[in-house]
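All remarks here apply to the structure that follows.
Residue numbers (our numbering): 133 to 216.
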C-alpha cells in the first residue's frame, strides 16, 4: 500500500474517533468519496492498525444502529421547511 494511502487512512480513522462523526462527514472533510472513506475504515485500516480498527468499528456500528434516526430527522426537517 502506498504511503499516502496509509497516511490518509490513519488520519481519517483518528478524525472519526476524535469527532464521533459519520463516514459521510469524514469523506467531505478529506475530499474523498463516501465509498473510499468506508473502504479505508473497514478494509485498509484493519491491515494497517488492528487496535485502531477495533475502536473505529465501534463507532461505525453505533452509526449503523442510529441510521434510521438520522434519516427520520432529515425527512422531518425537509417537510417542515416545505410547509413554512
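C-beta: ideal position from N, C-alpha, C; glycine also. None of the values given here were measured: they were computed from a predicted structure.
Where residue i falls, given that 16 or more other Cβ within 10 Å makes a residue buried
i, result
"residue 144", "buried"
"residue 135", "exposed"
"residue 206", "exposed"
Integer Cβ distance of residue i from residue j, believed to fall under 8 Å
i, j, result
"residue 180", "residue 149", "About 14 Å; that fails the 8 Å criterion."
"residue 160", "residue 141", "Residue 160 to residue 141, Cβ: 17 Å. No contact."
"residue 147", "residue 164", "With 8 Å as the limit, residue 147 and residue 164 do not qualify as a contact, their Cβ atoms being about 12 Å apart."
Range covered by the alpha helix (DSSP H) that runs through residue i
i, result
"residue 154", "Run containing residue 154: none; DSSP gives neither H nor E here."
Nearest to residue i (by Cα), restricted to the options the options
i, options, result
"residue 152", "165, 167, 198, 138", "198"
"residue 138", "176, 155, 159, 215", "176"
"residue 155", "178, 187, 169, 146", "169"
"residue 133", "178, 215, 158", "178"
**Runs of alpha helix (DSSP H) lying entirely within the stretch 170-206, each at least 4 residues, in chain order** = 177-180
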